[in-house]
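To start, the structure under review is shown below, and the notes come after it.
In the working numbering, the protein residues as written are 2 to 171.
In structure tokens form, the structure reads like this:
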């Protein structure tokens with residue numbers, strides 16, 4: 002009868018602490034990925050909020066007169082805080098978002114390919130809005146890229162949103 006001495010029985014003692022090592026190896030990568038998902042969600046939320054705000058401003062301006070300075074100011078206020086009156090710091094959709102960040106272009110005539118008629122549009126756009134991430138992923142990304150590779154750009158990102166609606170006013 003032969004016995005195989007090379008075969009060892011699994012020992013509980015040899016397995017002790019292995020889970021801690023696995024968690025220590027996987028946890029930084031998981032936290033980095035969670036940070037990426039959270040920052041992308043914040044960026045997407047900010048962009049979609051600004052898109053809805055510019056749509057509200059363009060919708061308001063689509064049936065107003067182009068040369069009416071009160072209507073232009075009201076369209077900017079609607080874009081910034083959702084009201085036609087002057088916005089305060091308390092009711093802005095973002096703290097650094099002011100009427101100076103909103104441009105209203107009226108009486109813009111554009112050729113539409115495939116159509117013979119031209120359309121007059123109102124374009125409301127945001128400028129100068131900078132997305133600032135909460136988590137500094139730029140510092141963390143250097144640990145996940147090799148020295149020869151260029152790291153991803155995790156810095157402040159400008160958000161430019163434009164909404165164009167057909168002009169129906171007089």
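Where is the CB? At the ideal position from N, CA and C, for every residue including glycine. The structure presented is a predicted model; accordingly, all values stated were derived computationally and were not measured.
| Query | Result |
| --- | --- |
| If you drop the 5 nearest sequence neighbours on each side, which residues of the same chain put their C-beta closer than 8 angstroms to that of residue 84? | 78, 92 |
| Alpha carbons only, please: which of 160, 137, 22, 72 is nearest the one belonging to residue 106? | 72 |
| Could you tell me whether the region 96-103 touches the region 22-31, where touching means 3 or more Cβ pairs closer than 8 angstroms? | no |
| Would you decide whether residue 55 is buried or exposed? Buried here means 16 or more other CB atoms lie within 10 Å of its CB. | buried |
| Taking residue 168 and residue 121 to be in contact with their CB atoms under 8 angstroms, please state how far apart those CB atoms are, rounded to whole angstroms. | 4 angstroms |
| Can you name the residues that DSSP bridges to residue 125? | 105, 164 |
| Go ahead and label residue 25 buried or exposed: buried means 16 or more other beta carbons lie within 10 angstroms of its beta carbon, across all protein chains shown. | exposed |
| Between which residues of its own chain and residue 57 is the CB-CB distance below 8 angstroms, once the five residues before and five after are set aside? | 79, 80, 83 |
| Taking the continuous beta strand (DSSP E) assigned at residue 132, which residues delimit it? | 130-132 |
| Are residue 51 and residue 131 touching if we call contact CB-CB under 8 angstroms? | no |
| Name the one or two DSSP bridge partners that residue 158 has. | 132 |
| Please report the distance separating the alpha-carbon of residue 125 from that of residue 35. | 34 angstroms |
| With residue 41 as the anchor, note down where its alpha helix (DSSP H) starts and where it stops. | 19-62 |
| Under a three-way DSSP split, which group does residue 137 fall into? | coil |
| Are residue 161 and residue 59 closer than 8 angstroms when you measure CB to CB? | no |
| Report yes if the CB atom of residue 76 is closer than 8 angstroms to the CB atom of residue 136, and no otherwise. | no |
| How is residue 89 classed by DSSP in three states: helix, strand or coil? | coil |
| Leaving out five residues before and five after residue 87 in sequence, what residues of the same chain have Cβ atoms less than 7 angstroms from its Cβ? | 78 |
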